[in-house]
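Going by mature numbering (1 follows the signal peptide of the UniProt record, and there is no 0), the letters in the sequence shown line up with residues -24 to -1, 1 to 289, in that order. Shown next, in structure tokens, is the structure this report addresses.
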Amino acid sequence: MRSLLLFLGFFLTVLLFLSKGAMAQQGQTLHIVQGKKVTLRADSKHALSYIWFKNDEPLNGLHDQRIVVVEPGIYTVIALGDGCNSDMSDPVEIILDPGGGEVTVDLEIRNLPEKGVVALGEPFNYQLMVLNNGLVDATDLRVTFDLPASLEYLKPVGSYGGEIDFIQSSRQLLWKLPELKAKEFLSLWVSVKGIADGDVITMAKVTAKEKDGSALNNESDAKVRIVFFQIPNVFTPNGDGKNDTFVIQGLELFDKKRLRVFNRSGFEVYQSENYGNDWNGQGLGLGTYFYILEFEGDNQKSRVIKGYVTILR
């Protein structure tokens, strides 16, 4: 049985509850099949009685908090208080589908990598978010996540609902969910790492037992760039044309890169707001220096790497 909830105070709000508690806004139109029932329930803290209307005509003898209807029409209600009545509720239209109606859902999948550019061999996460945007609960959901050969599957991260299985032969992760209630969402974080450089594209899909009335958002792809990123721990600025500057491989693929270098006493000896692999240690003696590298790529937050580099001549 489907139920409709009307909250009545002296300012009226209408909420529609479909099967298993799915909620819609006031002014809702609901399609039902022949033989199905809809329960309308009105709540008000100060109501002593109610007057129900169908197509603007009062329903005689129906003054209780809830009524069960099987006929199509436009239903409204007024709450009667002690010397004060509510306004007329917003209408709820019940439409009968003579040939029977198919229950549909509106699912959406989002494939969200945490970074747009990732160093080769560096673990990172994808967030798979499945949303039920419709008014009906979805059941027997299946979320698939296809990984290219250049990504190695590591593990699911954090807590999640349902069952997870990674099929190595097809390189596909399968996430099974028994149910996703209307207007709710669930997320799964998947940890992977790049094992080959270049652009990688992943695809996530969602299906359910029920037919999806808006299937355009049932698939989501995402592109991540895997780069060979390496920071040397030594360079030799002696003018021989070999290893004369502090060259960070893969740095050119990032939009913003700031480098700061400090000596053992903590004094800053070099800084660049847009480092171009051109620091040659000019004016500095042999020894080990501490660096802080901040960089940012497409669609990702700023990252910071700290380490040491030794100058030899």
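Virtual Cβ for every residue (Gly too), placed ideally from N, Cα, C.
Sequence-distant residues of its chain with Cβ nearer than 8 Å to Gly134 (five each side left out): Closer than 8 Å at the Cβ level, and outside the excluded window around Gly134, lie Trp165.
Using DSSP's beta-bridge definition, name the partner residues of Gln206. Gln225
Taking the C-alpha atoms as reference points, what is the distance between Leu24 and Lys157? 34 Å
How would you call Gly(-4), buried or exposed, if buried means at least 16 neighbouring beta carbons within 10 angstroms? With a pLDDT of 38 at Gly(-4), under the threshold of 50, the predicted position of this residue should be treated as unreliable, though the coordinate-derived value follows. Label assigned to Gly(-4): exposed.
Ile54, buried or exposed, once every other Cβ within 10 Å from all chains shown has been counted against 16: A buried status is given to Ile54, since no fewer than 16 other beta-carbon atoms sit within 10 Å of its beta-carbon.
With distance defined between alpha-carbon atoms, name the residue in Thr120, Gly259, Glu69, Pro154 nearest to Ile143. Thr120
Among the residues of its own chain, which have a CB less than 7 Å from the CB of Leu288, if the five just before and after it don't count? Val210, Thr212, Leu262
Could you tell me the boundaries of the beta strand (DSSP E) in which Gly52 lies? According to the sequence displayed, residue 52 carries Thr and not Gly. Here the beta strand (DSSP E) through Thr52 covers 49 to 56.
With C-beta atoms as the reference, is Tyr251 less than 7 Å away from Lys233? yes
Are Leu107 and Glu90 closer than 7 Å when you measure CB to CB? no
Use the C-beta contact count for Asn87: other C-beta atoms within 10 angstroms, 16 or more gives buried, fewer gives exposed. With 16 or more other Cβ atoms within 10 Å, it is buried.
CB contact flag (Tyr267, Asn239, <7 Å): no
Counted within 10 angstroms of its Cβ, other Cβ atoms place Gln206 as buried (16 or more) or exposed: exposed
Near Gly57, what residues of its chain come up, given a Cβ to Cβ distance below 7 Å and the 5 sequence neighbours on each side ignored? Residues His22, Ala23, Leu24 of the same chain have their beta carbon placed closer than 7 Å to that of Gly57, with the five preceding and five following residues left out of the count.
At the level of alpha carbons, what is the spacing between Lys152 and Asn101? So the two alpha carbons sit approximately 19 Å from each other.
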